[in-house]
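Numbering (full-length UniProt numbering), first residue to last: 1 to 522. Backbone N, C-alpha and C define an ideal beta-carbon position, used for all residues, glycine too. Structure, as structure tokens:
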């Protein structure tokens, strides 16, 4: 009976082994031989004695050889072209934290100073005496004109933007020559007031208008290509109806800050060292409005660049939140350096044109070339596209962007681009219109304030208009940078390749931005 029980147990276990081996997809010939040997021989199978560490279904039976197991299939490896991964599009790190900390510290100090000076202004108005009469006169004949210049500039900013989107070809010529006409008119008007203070401002505006007219003649050859690029780059805006919402918000914040800022200037007149305090307030206002403009620039750049590179219709609100938080440090750093870069670019081009037999001018031109080479590699206005898209720092984004241009042979095209100049001249035109309006008003009611009101009106008109022109400027930047990153994108036509071929053929004569040539390496 005991042998019969053992035999039955062995038969049951052999059946279990058969099921396990069948699940294992073993070779049929080896499987049949094992079963025959198990049926003709008495054996004991008490337990599964050994488990294969890689395949638990594979067992070792007493007196039996291991059943070979087919090796598992190797996973298919797909080689793709290296590119920015999608995870980098949602980078969570804060860029340029030191610049962000300095800007926030500056704003805390500026807000405290503005509140204190505003309190001093109110305190002076409540006291009897000469201080009260002086501040009341300033508040009555100076404050309304400055506020009016801010309102006029906001309206002009949206008029410029809308007109450029509707009629780009006409508006480029109109902006070039209207900025010349308005600045010349404002300068002549101030000279007609025949006051020493207004004469100085008038001479400066007349001199600028002459340079503006020469520049308009110089860039005539570039207007056709610029028109094509602006027209093509503004096409995606129709898909994002809320793209101007950040502009509205930045304009509103800028207007409110200017209102409080003007009250602080009034209070500074009764504080120690008024000229120094006013200069610090002006510098703070310039930096703040530039940051507002670049926040709008980063928002639009992310929306448009993701549309070009990934075919995504991103949320403008989400892009604005990123620009106000994670990319704010880069906006602060760029707001300090990009205006200086643009000014040095103009100087470098001027010295390059004047370079000749004079040894001193020759040395100055080449010195400026080296400075411009360093600046354009480590800081340029094109960097905002990669800052917004990939969350890079300002310096690394500038280097990567310029590297893209060099790989695609686009340096001469982006050097010759006049979009930034067009946006700059819209600000000049708005500032000149504000000078004409508020300068005439002030001269009629309080002549002693004419020069200061004119200067401040021009300054505010320029800054507020530049915020409104952030949309077309960002769209053009995205068009260039995204093309350099992926020229085969179906959203791009032959505008840039045809222009590159036209320049390389020698049929187009352009004065490129001076750069020091790289030494040849062996």
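(1) Considering only the alpha carbon of each residue, which of 94, 377 and 433 lies closest to residue 415?
(2) Please go through the segment 163-204 and give each complete alpha helix (DSSP H) segment of 4 or more residues, from N-terminal end onward.
(3) Could you check the C-alpha separation between residue 274 and residue 115 for me, to the nearest Å?
(4) Cβ of residue 202 within 8 Å of Cβ of residue 191?
(5) With 16 as the cutoff for other CB atoms within 10 Å, does residue 93 come out buried or exposed?
(6) Which whole-angstrom value describes the C-beta separation of residue 96 and residue 319, a residue pair presumed to lie in contact below a C-beta threshold of 8 Å?
(7) What are the boundary residues of the alpha helix (DSSP H) that includes residue 225?
(8) Assess contact between the segment 278-286 and the segment 246-265, defined as three or more Cβ pairs (one per stretch) separated by less than 8 Å. Is contact present?
(9) Where does residue 512 sit, in a helix, a strand or coil, going by DSSP?
(10) Tell me whether residue 101 is buried or exposed, calling it buried when 16 or more other Cβ atoms sit within 10 Å of its Cβ.
(11) Let me know if residue 466 comes out buried or exposed under the rule of 16 or more other beta-carbons within 10 Å of its beta-carbon.
(12) Could you give the uninterrupted runs of the alpha helix (DSSP H) lying entirely in the segment 435-469, keeping only those of 4 residues or more?
(13) Taking Cβ to Cβ, would you say residue 391 is nearer than 8 Å to residue 294?
(14) Considering only residues of the same chain and omitting the five flanking positions on each side of residue 254, which have a CB-CB separation below 7 Å?
(15) How far does the alpha helix (DSSP H) with residue 503 in it reach, from first residue to last?
(16) So is residue 399 buried or exposed if we call it buried at 16+ other beta carbons inside 10 Å?
(17) Under the rule that 16 or more other beta-carbon atoms within 10 Å means buried, what is residue 397, buried or exposed?
(18) What separation, rounded to the nearest whole angstrom, lies between the Cα atoms of residue 370 and residue 379?
(19) The alpha helix (DSSP H) that contains residue 267, what's its start and end?
(20) With a cut-off of 8 Å on the beta carbons, I'd call residue 160 and residue 419 a contact; round off their distance for me.
Taking the geometry as given:
(1) Taking the first residue of the chain shown as 1, we reach residue 415 at position 415. Ranking 94, 377 and 433 by CA distance to the CA of residue 415 puts 377 first.
(2) Here the runs fully enclosed are 168-192.
(3) Reading the chain shown from its first residue, position 274 is the one you call residue 274. Reading the chain shown from its first residue, position 115 is the one you call residue 115. One C-alpha to the other measures close to 16 Å.
(4) Position 202 of the chain shown, counted from the start, is the residue given in the question as residue 202. Position 191 of the chain shown, counted from the start, is the residue given in the question as residue 191. With respect to residue 191, residue 202 sits close: the two C-beta atoms are nearer than 8 Å.
(5) Locating residue 93 in the chain shown gives position 93, where the first residue counts as 1. Answer is exposed; the Cβ neighbour count stays below 16.
(6) On the chain shown, position 96 is the one that residue 96 refers to. On the chain shown, position 319 is the one that residue 319 refers to. The pair is not a contact, with the Cβ atoms about 18 Å apart (cut-off 8 Å).
(7) As a working mapping, residue 225 is identified with position 225 in the chain shown. Where residue 225 is concerned, the enclosing alpha helix (DSSP H) stretches over 223-233.
(8) With the cut-off at 8 Å, the segment 278-286 and the segment 246-265 touch.
(9) Locating residue 512 in the chain shown gives position 512, counting from the first residue. Any reading at residue 512 needs caution, since the residue's pLDDT is 48, under 50, leaving its predicted position unreliable; the model's value is listed next. In this structure, residue 512 counts as coil in the three-state DSSP scheme.
(10) Translated into positions along the chain shown, residue 101 becomes position 101. For residue 101, the number of other beta carbons within 10 angstroms of its own is below 16, and it is reported as exposed.
(11) Position 466 of the chain shown holds residue 466. For residue 466, the number of other beta carbons within 10 angstroms of its own is at least 16, and it is reported as buried.
(12) Here the runs fully enclosed are 450-468.
(13) On the chain shown, position 391 is the one that residue 391 refers to. On the chain shown, position 294 is the one that residue 294 refers to. Contact flag unset, no.
(14) On the chain shown, residue 254 is found 254 positions in, with the first residue counted as 1. Result list for residue 254: 289, 292, 464 and 467, in chain order.
(15) Stepping through the chain shown from its first residue, residue 503 is reached at position 503. For residue 503, the enclosing alpha helix (DSSP H) begins and ends at 495-504.
(16) Looking up residue 399 in the chain shown gives position 399. Around the beta carbon of residue 399, 16 or more other beta carbons lie within 10 angstroms, which makes this residue buried.
(17) As a working mapping, residue 397 is identified with position 397 in the chain shown. The residue in question, residue 397, is buried, as its Cβ has 16 or more Cβ neighbours within 10 Å.
(18) In the chain shown, counting from the first residue as 1, residue 370 sits at position 370. In the chain shown, counting from the first residue as 1, residue 379 sits at position 379. Residue 370 and residue 379 have their alpha carbons spaced roughly 14 Å apart.
(19) The residue you call residue 267 lines up with position 267 of the chain shown. Residues 245-268.
(20) Start at 1 with the first residue of the chain shown, and residue 160 comes out as number 160. Start at 1 with the first residue of the chain shown, and residue 419 comes out as number 419. Their Cβ separation, rounded to whole angstroms, is 13 Å, which puts residue 160 and residue 419 out of contact at 8 Å.
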